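J.:
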Amino acid sequence: MSVDIKVEFLGGLDVIFESERYHKVKLNEKDDGSPLILRDLIHHISTKMIKDEKDVCVFLENGTIRPGILTLINDADWELEGEEEYELESGDVISFTSTLHDLFYVSKLGQSAPEKTLARPICGWCKCDIEM
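Be aware that the sequence shown starts at 1, since it is given in the working numbering, and climbs by one per residue.
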């Protein structure tokens, strides 16, 4: 039995998915008949949906979702749903949201105690400029 799900890439992750935030994904039944789980979706995403192989490390670390990426299953934290072992069902919505965009600060020169001030906003993982 196949599973039709909606997958969302938010918080800047869409840049490694050809700037598409929302995807409809159909996963086909496994050969052994075992249920499709979130790990199967993660494998599908990393092998079929990320076009540039060097971008896989933005999404995965040590074979699983990279720290700093909030993963929701039907709007619930994946930790509450069994993480990679969650059994996928048709109609599920799986969201991946990067929390890795942050602002870098520099110390003001000439201060006796370093006081942080915003130098320029840049992305924490790809170092691109963030528009404010």
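Every residue, glycine too, gets a C-beta built ideally from N, C-alpha and C. Here the structure is a predicted model, which is why all the values come from computation and not from measurement.
Taking its Cβ as the centre, do 16 or more other Cβ atoms sit within 10 Å of S19, making it buried, or is it exposed?
T.: Exposed: under 16 other Cβ atoms inside 10 Å.
J.: Enumerate in chain order the residues of its own chain whose CB-to-CB distance from G68 is below 7 Å, with the five nearest sequence positions on each side excluded.
T.: The residues are S98, T99 and L100.
J.: Is S90 near V3, with beta carbons less than 7 Å apart?
T.: Yes, these two residues count as a Cβ contact at 7 Å.
J.: So, with DSSP's three-state summary, where would you put S2?
T.: It is coil, neither helix nor strand.
J.: Note down the Cα distance separating R39 from E79, rounded to an integer number of angstroms.
T.: Their backbone Cα atoms lie some 13 Å apart in a straight line.
J.: Terminal residues of the continuous beta strand (DSSP E) containing I73?
T.: Element bounds for I73: I69 to I73.
J.: Quick check on the burial criterion: 16 or more other C-beta atoms within 10 angstroms. Buried or exposed for T86?
T.: The residue you asked about is not Thr; residue 86 is Tyr in the sequence shown. Burial call: buried.
J.: Can S95 and L60 be called in contact, C-beta distance under 7 Å?
T.: In this structure, L60 does not lie closer than 7 Å to S95 by Cβ.
J.: Given V25, which residues of its chain have a CB within under 6 Å of its CB, disregarding the five upstream and five downstream residues?
T.: Answer for V25: I5 and V7, listed in chain order.
J.: I think E84 touches I42, with their Cβ atoms under 8 Å apart; what is that distance to the nearest whole Å?
T.: E84 to I42, Cβ: 7 Å. Contact.
J.: Quick one: Cα of K54 to Cα of V93, how far?
T.: Each residue's alpha carbon lies about 26 Å from the other.
J.: What three-state label does DSSP hand I50 in the structure shown?
T.: Coil.
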